[in-house]
Amino acid sequence: MKAKNLLLTLAVGALAVSCNSGSMNQTSAPLKNAADTASYYIGYMYGSGLTQMGFTEINREALMAGLNSAIAKKEVGKGQYEIQMYLNNFMQEIAMKRAAENAEKGKKFMEENAKKSGVDTLANGIQYKVIKQGEGPKPAATDIVKVHYKGTLIDGTEFDSSIKRGEPAEFPLNRVIPGWTTALQAMPVGSKWEIVIPSDQAYGPRGNSAIGPNETLIFEVELLEIVKPEENKEENK
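Right, here's the structure in full:
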């Protein structure tokens, strides 16, 4: 069974259990032992997975009925393979619809953002606004850079932040999403920019973890330094 399919299967079971034990909208339950706690965490983790995949129209009564049918070994008129194929097709349709919606929302957002004062455009449609302009050198694509950053979706949802982790990030500039590679090469060290990256220069139709398909991304990035590789000690002997 594929990971996504297992995710859906476990989520169905976990959510249906919560329906069977009380209110269908309850968000708490008595956790009297380790199994109770594990059950709660399974529901939370896989419920989160469902929403990340875009499955938000959950019929909890139907979930409970499906769980009870399985426990009672009631035939549902379809075999495991047919059920799995149905779910695969259903989730694929959701993903395609979500990708199209995100692409359209991103396009409109960038059209409006381009009209704002101080916003300029780089190659491949990447938009930027200078918060602070540094006076240092600009990195090359092959350089390693040290940055502080915060990443959000266009609705303001934060998905990553080196600032919250309390430690700058270091990475080769040619091993990140294309939008970062392009934008940071235009930034002098010491600069802080707001960068808006269209989906085709970010994670595209596949998305990544908390980032959905075709999401336009907003980053607040401060370029702290270009990291110089350590000199080969053997050469200095």
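For the sequence shown, this note's numbering assigns the number 83 to the initial residue and increments by one for each residue that follows.
Just so you know, even glycine gets a beta-carbon here, dropped at the ideal spot from N, CA and C.
Computed from a prediction, not measured in an experiment: that's the story for all the values here.
Cross-strand partners of residue i (DSSP beta bridge)
i	result
Ala-144	According to DSSP, Ala-144 bridges with nothing at all.
Glu-304	His-230 and Lys-274
Ser-243	Lys-232
Ala-251	Val-229
Leu-299	Leu-235 and Ile-279
Ile-293	Asn-290
Val-309	Ile-226
Outcome for residue i when other beta-carbon atoms lying within 10 angstroms are tallied against a minimum of 16
i	result
Ile-208	buried
Glu-297	buried
Asn-314	With a pLDDT of only 39 at Asn-314, under 50, the local geometry of the prediction cannot be trusted, and no value is derived from it.
Ala-223	exposed
Lys-319	Since pLDDT at Lys-319 reaches only 46, below the 50 mark, its modelled position is unreliable, and the value read off the structure follows with that caveat. Flag for Lys-319 reads exposed.
Gln-283	buried
Glu-175	exposed
Ala-116	exposed
Gly-294	buried
Asn-150	exposed
Phe-253	exposed
Asn-184	buried
Leu-113	exposed
Tyr-123	exposed
Gly-238	exposed
Tyr-210	buried
Met-127	exposed
CA-to-CA distance, residue j to residue i, given in whole angstroms
i	j	result
Glu-143	Gln-108	14 angstroms
Arg-257	Glu-240	22 angstroms
Thr-138	Ser-130	10 angstroms
Ser-121	Asn-141	20 angstroms
Gly-159	Pro-287	35 angstroms
Lys-198	Phe-191	11 angstroms
Ile-153	Tyr-285	40 angstroms
Asn-171	Leu-145	18 angstroms
Val-201	Trp-275	10 angstroms
Ile-245	Ala-181	29 angstroms
Pro-219	Val-271	6 angstroms
Tyr-231	Ala-111	38 angstroms
Lys-310	Pro-221	11 angstroms
Met-178	Leu-169	14 angstroms
Ile-277	Asn-290	19 angstroms
Leu-266	Val-227	9 angstroms
Arg-247	Val-229	13 angstroms
Glu-194	Gly-188	10 angstroms
Gln-166	Gly-148	14 angstroms
Glu-186	Val-303	25 angstroms
Thr-119	Ile-213	46 angstroms
Gly-104	Lys-155	Note that Gly-104 scores 49 on pLDDT, short of 50, meaning its location in the model is unreliable; the coordinates nonetheless yield the value given after this. Roughly 23 angstroms between the two C-alpha positions.
Ile-308	Gln-162	55 angstroms
Segment limits, alpha helix (DSSP H) that includes residue i
i	result
Leu-261	The sequence shown places Gly at residue 261, rather than the Leu named in the question. Unbroken alpha helix (DSSP H) run through Gly-261: 260-267.
The ligand ZN heavy atom lying under 6 angstroms from the CB of residue i
i	result
Gly-238	As far as ligands go, the structure on display features none, and thus does not contain the ligand ZN.
May I have a chain-ordered list of the beta strand (DSSP E) segments no shorter than 3 residues that lie completely inside the region 172-225?
201-203 and 209-214
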